[in-house]
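As given, the protein sequences belong to chains A and B, one line each in that order. Heads up, the first sequence is in our numbering, so the first residue is 1 and it goes up one at a time. Heads up, the second sequence is in our numbering, so the first residue is 1001 and it goes up one at a time.
Protein chains: 2
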Amino acid sequence: MNVEQIIKTEKEIPLESRTIIHFMLVNNRINEKISSVLKPYEVSLQQFNVLRILRGQNGKPANLSTLNERMVTKMSNTTRLVDKLILKGFVNRITCPSNRRKVEINITSEGKKALIKMDTAMKTAEKKILKNLSKKELDQLNGLFNKF
Amino acid sequence: MNVEQIIKTEKEIPLESRTIIHFMLVNNRINEKISSVLKPYEVSLQQFNVLRILRGQNGKPANLSTLNERMVTKMSNTTRLVDKLILKGFVNRITCPSNRRKVEINITSEGKKALIKMDTAMKTAEKKILKNLSKKELDQLNGLFNKF
DNA sequence: AATATACATTTGTATATACAATTGTTGTAT
DNA sequence: ATACAACAATTGTATATACAAATGTATATT
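Shown next, in the form of structure tokens:
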């Protein structure tokens, strides 16, 4: 059953509820697709996001609070998320000498290499997911997202 | 840090990737909001969806496959999701006598009563989430969602 | 009728996530 | 200097989720 069909069965539901259900259904679909693309690389979507954030730091180390903020998820995950990435050798973690409450997290060169491979796969997947949307429509969508 | 800020830090990322990140960030935000609204009623978002699907059946019982299809999630969850709802007395499950492979799942009157309370809370939350979007924009959004 | 195949659900297990409580560190007020 | 609050990260625990395998049932094949 595709998304449109599911929504159709709920026509009696007011527009607001329908929009939110619709939103989540599409999101789930995207999630499944993206996760399956990342699977061969043995990183979860969250781990992938952490790696991208770290690369975006351009060498500047990140601490857990920053990662957490950017991910819009709970702190509790972040420690263990980073643990997993350390096990894979994709990031390293050192306690900040000036402020020992903080830790500094960096992407390793191995992490960067892995990320480059994932990027290519992701790019293909993203194009496929968005293949029915024109550039104009993508802009429109992003504009609407900004209203949330 | 709000969604727009997070996206801004990723400006170097191509439009497709940005759109998908944006999508997920907004979705997470909606999820958190909705979950916190449902919390007092001690049902998860998934459980709430099951209840709504069952009510939408208008007395016609649903089987697990149907529920699973409508939820766009994995079957593995559905059995245990229904288990939880049974424990709460919100649904019941009987094995179909004509075809014992199937089970019939129905919402109970208690489940309906609970759902009505949740509906009100959800409606308020949904309005709040979508407060910056006009009816026209909601339609536009749903139109774009259909292209996924 | 016996066996194989497909189907619907359940169970097992490993991993992920949410939430609360704890630990260790720094800054501040007395 | 000591005590206290604020902060950053970690740990514990319970629950949720994903994926694979198993169970039980119906249908098809020979």
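Virtual Cβ for every residue (Gly too), placed ideally from N, Cα, C.
In terms of alpha-carbon separation, which member of the options lies closest to residue i?
i                  : options                                    : result
Lys74 of chain A   : A:Asn58, A:Gln46, A:Pro97, A:Leu87         : A:Gln46
Leu54 of chain A   : A:Met71, A:Lys39, A:Tyr41                  : A:Met71
Gly59 of chain A   : A:Val26, A:Lys112, A:Arg18, A:Asn142       : A:Lys112
Leu15 of chain A   : B:Leu1015, B:Leu1130, B:Glu1104, B:Leu1144 : B:Leu1130
Leu115 of chain A  : A:Phe90, A:Gly143, A:Ser76, A:Glu104       : A:Phe90
Leu1081 of chain B : B:Glu1110, B:Leu1051, B:Asn1028            : B:Leu1051
Thr1108 of chain B : B:Asp1119, B:Leu1133, B:Met1118, B:Ile1086 : B:Ile1086
Leu138 of chain A  : B:Phe1145, B:Asn1132, B:Thr1066, B:Leu1138 : B:Phe1145
Met1118 of chain B : B:Val1026, B:Arg1100, B:Glu1042            : B:Glu1042
For residue i, collect the residues of the same chain with a Cβ closer than 7 Å to its Cβ; drop the 5 residues on either side in sequence, then sort them by chain order.
i                  : result
Val37 of chain A   : Ala121, Met122, Ala125
Lys1084 of chain B : Gln1047
Asn49 of chain A   : Met71
Any Cβ of chain B within less than 7 Å of the Cβ of residue i?
i                 : result
Ile20 of chain A  : yes
Phe48 of chain A  : no
Glu16 of chain A  : yes
Phe90 of chain A  : no
Lys147 of chain A : yes
Leu38 of chain A  : no
Val72 of chain A  : yes
Alpha carbon to alpha carbon, how far is residue j from residue i? Give it in angstroms, no decimals.
i                  : j                  : result
Asn1092 of chain B : Ile1030 of chain B : 30 Å
Gln1057 of chain B : Met24 of chain A   : 21 Å
Ala62 of chain A   : Lys135 of chain A  : 33 Å
Asn1077 of chain B : Val1103 of chain B : 15 Å
Asn68 of chain A   : Thr1095 of chain B : 46 Å
Ser1044 of chain B : Ser98 of chain A   : 43 Å
Thr1019 of chain B : Phe1148 of chain B : 12 Å
Lys128 of chain A  : Pro1040 of chain B : 40 Å
Arg1100 of chain B : Thr1066 of chain B : 16 Å
Ser17 of chain A   : Asn1028 of chain B : 16 Å
Ile1143 of chain B : Gly143 of chain A  : For the sequence presented, residue 1143 of chain B should be read as Gly rather than Ile. Spanning the two alpha carbons is a distance of roughly 14 Å.
Let me see if you follow: with CB-CB separation under 7 Å, is residue i close to chain A or not?
i                  : result
Asn1077 of chain B : no
Val1106 of chain B : Note on identity: in this sequence residue 1106 of chain B is Asn, with Val being the wrong assignment. So no, Asn1106 of chain B is outside the interface.
Asn1142 of chain B : yes
Val1026 of chain B : yes
Leu1064 of chain B : no
Asn1132 of chain B : yes
Leu1051 of chain B : no
Glu1126 of chain B : yes
Leu1138 of chain B : yes
Per DSSP, residue i forms a beta bridge with which residues?
i                  : result
Thr1095 of chain B : B:Val1103
Ala1062 of chain B : B:Ile1105
Enumerate in chain order the residues of its own chain whose CB-to-CB distance from residue i is below 6 Å, with the five nearest sequence positions on each side excluded.
i                  : result
Leu1064 of chain B : Thr1078
Ser1035 of chain B : Leu1045
Asn1106 of chain B : Pro1061, Asn1092
Lys1088 of chain B : none
Which same chain residues end up closer than 8 Å to residue i when comparing Cβ atoms and leaving out the 5 residues on each side of it in sequence?
i                  : result
Ile1013 of chain B : Ile1021
Lys1033 of chain B : Ala1125, Lys1128, Ile1129
Leu141 of chain A  : Leu133
Glu110 of chain A  : Gly89, Phe90
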